[in-house]
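J.: First, the structure itself, so that you have it in front of you.
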Amino acid sequence: MALLEQLQNDLKTALKSGDRLRVDTIRMAIDALKKAQMAQVKAAFDAAGGEAADATALAAIDREAMLTEAIEQEIIAKEVKRRREAAELYRKGGRIDLAGKEEAEAAMLQAYLPQQLSAEELRPMVKAIIEEIGAVGPADMSRVMPVLMQRLKGRADGRLISQVARDLLSRTQ
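Going by the working numbering, the first residue of the sequence shown is number 7, and it counts up by one from there.
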């Protein structure tokens with residue numbers, strides 16, 4: 007089942023149960039996915055030549071094209087990150103109530119993503135990539151991070167990947 011379908015089914019369940027926070031969170035996630043889907047169609051329209059395109063090129067555009075699972079997960083991950091950052095800002099501003107709401111929303115959305123790797127699970131993978139690249143110290147962080155992010159994208163949080171890499175590179179000095 008596609009992520010969008012799962013969200014729509016969960017929205018129905020949340021509406022029936024009266025869980026307002028869950029309803030609002032799922033609606034925001036569905037909206038983000040639909041906006042991305044519209045952007046994908048717009049990009050196809052623009053690539054076909056936009057208003058100046060001939061009718062056959064415009065007819066070939068699939069207006070109902072679904073997002074790939076990877077893109078859906080990327081969008082939900084961005085929504086989770088956005089909420090965690092907002093919670094952090096609310097905490098700094100002394101608004102613990104709003105921070106709690108943002109964290110609850112992030113936790114609900116996180117459930118729709120694949121399980122993230124922990125620091126312990128990441129450490130051997132990051133170490134192997136560092137050795138493969140031949141990095142020897144913190145100065146090589148700029149060479150290591152793009153490769154790490156490419157290979158571990160979606161499997162772990164970028165901050166955690168960076169933290170583990172920085173720790174391993176500082177020990178190899």
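Here a beta-carbon is modelled for each residue, glycine too, at the ideal position from N, C-alpha and C.
Here the structure is a predicted model, which is why all the values come from computation and not from measurement.
What residue range does the alpha helix (DSSP H) around Leu104 cover?
T.: First-last of the alpha helix (DSSP H) with Leu104: 102-116.
J.: Quick check: what's the CA-CA separation for Ala145 versus Met151?
T.: Roughly 11 Å between the two C-alpha positions.
J.: Across the stretch 108-116 and the stretch 84-97, are there enough close Cβ pairs to call them in contact, namely three or more that are closer than 8 Å?
T.: Short answer: they touch.
J.: Determine the contact status of Met147 and Arg172, defining contact as a CB-CB distance below 8 Å.
T.: Against a cut-off of 8 Å, the Cβ pair of Arg172 and Met147 comes out as a contact.
J.: If you count every other CB in all the chains shown that lies within 10 Å of the CB of Ala93, and 16 or more means buried, which is it?
T.: Result: buried.
J.: When you compare only the Cα positions, how much space is there between Arg97 and Gly106?
T.: Those two C-alpha atoms are separated by around 9 Å.
J.: Hey, would you say Ile82 sits closer than 8 Å to Ala35, going by beta carbons?
T.: Yes. Within cutoff.
J.: Let me know the secondary structure DSSP gives Arg161 once reduced to three states.
T.: In the structure shown, Arg161 sits in coil (DSSP, three-state: anything other than H, G, I, E or B).
J.: Would you check if the distance between the CB atom of Leu9 and the CB atom of Ile32 is smaller than 8 Å?
T.: Cβ distance not < 8 Å, so Leu9 and Ile32 don't count as in contact.
J.: Taking the CB atoms as reference points, tell me whether Gln122 and Ala76 lie closer together than 8 Å.
T.: Their beta carbons are not under 8 Å apart, which means Gln122 does not touch Ala76 by this criterion.
J.: By Cβ distance below 8 Å, which residues in the same chain neighbour Met44 in space, the five residues on each side in sequence not counted?
T.: There are no such residues.
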